[in-house]
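First residue of the sequence shown: 6, per this note's numbering; consecutive thereafter.
A quick write-up on the structure given underneath.
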Amino acid sequence: MYLFKGDAPLHEFASVMKQPTKLGIKLIGRHFLKSYPYEDLYLLKDARQIRAAVKLPMILLGGVTDRAGMDTAMAEGFQFVAMARALLREPDLINRIQDEPSTESLCIHCNKCMTAIYGGTHCVLSTERPGVPRVRDETIAAMLLARLGDARPGLRSRERTWTWDEVVRESAARAALARDLRRDGPVPCGGRPPLPRNPRSTSACCWRTSPSTCSG
Ligand SMILES: Cc1cc2nc3c(=O)[nH]c(=O)nc-3n(C[C@H](O)[C@H](O)[C@H](O)COP(=O)(O)O)c2cc1C
Ligand code: SF4
Numbered sequence: 006m007y008l009f010k011g012d013a014p015l016h017e018f019a020s021v022m023k024q025p026t027k028l029g030i031k032l033i034g035r036h037f038l039k040s041y042p043y044e045d046l047y048l049l050k051d052a053r054q055i056r057a058a059v060k061l062p063m064i065l066l067g068g069v070t071d072r073a074g075m076d077t078a079m080a081e082g083f084q085f086v087a088m089a090r091a092l093l094r095e096p097d098l099i100n101r102i103q104d105e106p107s108t109e110s111l112c113i114h115c116n117k118c119m120t121a122i123y124g125g126t127h128c129v130l131s132t133e134r135p136g137v138p139r140v141r142d143e144t145i146a147a148m149l150l151a152r153l154g155d156a157r158p159g160l161r162s163r164e165r166t167w168t169w170d171e172v173v174r175e176s177a178a179r180a181a182l183a184r185d186l187r188r189d190g191p192v193p194c195g196g197r198p199p200l201p202r203n204p205r206s207t208s209a210c211c212w213r214t215s216p217s218t219c220s221g
């Protein structure tokens, strides 16, 4: 996972493998499939050293997701950029960036697309795929993730309103934190790490349940 950065989808990897690999991933996968914090242009620091040492045209890849990243790559002396996950998530992203340079990628670097390579590589969050009929979202997590990029109000409290996009991103961030905190052995809350107890408002309830569904 070091070359990708982001989450290590162990559960999903195990689910597409046959035994005994499936069991091996479940038992010791976390030791060799580790998650690394994602940041845009995460290979730039290393690529810069190669850029300085060679005269050949070079392509920068690794976390190129938006116009700002492309501009940085050009300013750093790279001739091209390559984009993988951002385009898997949104095949029309380049056109949208061309129309609106501030467009942000909807890829959340969950890396679950890697587990799809054995049966037609695709973004697992995309509900629409070319040539594939739209399927109904079957889990709460899928329904939530389908709201990424939705600027309409998703949650209101007395104090403020969150868009659906903000709800999903915040839930994904809290889910990542919950996954980091998860340890072997029994934990409270039905197998989940402790989350705020006795939510007294709709928003508190949302911040308790949405990350739980996203954390898998
Ligand atoms: C689903 C998937 C399959 C990939 N398969 C390969 C591969 O077969 N060979 C390879 O060198 N890189 C492969 N990559 C890595 C990408 O080429 C790219 O280096 C990496 O995803 C980082 O770029 P990104 O941040 O734009 O996704 C794959 C990436 C994804 C997401
Ligand atoms: S499954 Fe989709 S959202 Fe997740 S990393 Fe792959 S392209 Fe990005």
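Where a beta carbon is used, it is the ideal one built from N, C-alpha and C, also for glycine.
Just to confirm, are residue i and residue j a CB contact at a threshold of 8 Å?
{"i": "L160", "j": "V173", "result": "no"}
{"i": "L38", "j": "F18", "result": "yes"}
{"i": "A91", "j": "S107", "result": "no"}
{"i": "A78", "j": "V86", "result": "yes"}
Grouping DSSP H, G and I as helix and E and B as strand, with all else coil, what is residue i?
{"i": "V86", "result": "strand"}
{"i": "R289", "result": "Since the first residue shown for the chain is 6 and the last is 221, residue 289 is missing from the structure and cannot be characterised."}
{"i": "D144", "result": "According to the sequence provided, residue 144 is Thr. The question's Asp does not apply to it. Looking at T144 - three-state DSSP - the assignment turns out to be coil, as it is neither helix nor strand."}
{"i": "G29", "result": "helix"}
{"i": "G11", "result": "strand"}
{"i": "T166", "result": "strand"}
{"i": "E171", "result": "helix"}
Using the C-alpha atoms, what's the distance from residue j back to residue i?
{"i": "W167", "j": "A156", "result": "9 Å"}
{"i": "K146", "j": "D71", "result": "Before going on, a small fix: residue 146 reads as Ala here, not Lys. Near 26 Å, if we compare the C-alpha coordinates of D71 and A146."}
{"i": "A181", "j": "D12", "result": "8 Å"}
{"i": "A178", "j": "R152", "result": "15 Å"}
{"i": "L32", "j": "A89", "result": "30 Å"}
{"i": "S131", "j": "L150", "result": "9 Å"}
{"i": "Q54", "j": "P62", "result": "14 Å"}
{"i": "N100", "j": "G154", "result": "16 Å"}
{"i": "E44", "j": "Q24", "result": "34 Å"}
{"i": "V59", "j": "G82", "result": "11 Å"}
{"i": "D97", "j": "G29", "result": "38 Å"}
{"i": "A52", "j": "V69", "result": "13 Å"}
{"i": "D170", "j": "R163", "result": "19 Å"}
{"i": "L65", "j": "G124", "result": "28 Å"}
{"i": "A56", "j": "D76", "result": "For clarity, residue 56 is Arg in the given sequence; the question names Ala instead. Each residue's alpha carbon lies about 16 Å from the other."}
{"i": "H36", "j": "T144", "result": "29 Å"}
Assuming residue i contacts residue j (C-beta within less than 8 Å), just tell me the rounded distance between them.
{"i": "P14", "j": "C112", "result": "P14 to C112, Cβ: 14 Å. No contact."}
{"i": "Y47", "j": "G67", "result": "5 Å"}
{"i": "R94", "j": "C128", "result": "5 Å"}
{"i": "V21", "j": "T126", "result": "Actually they do not touch by this definition, with Cβ atoms about 12 Å apart."}
Start-end ranges of the alpha helix (DSSP H) lying completely within the region 57-115, minimum 4 residues: 72-80, 90-94 and 98-104
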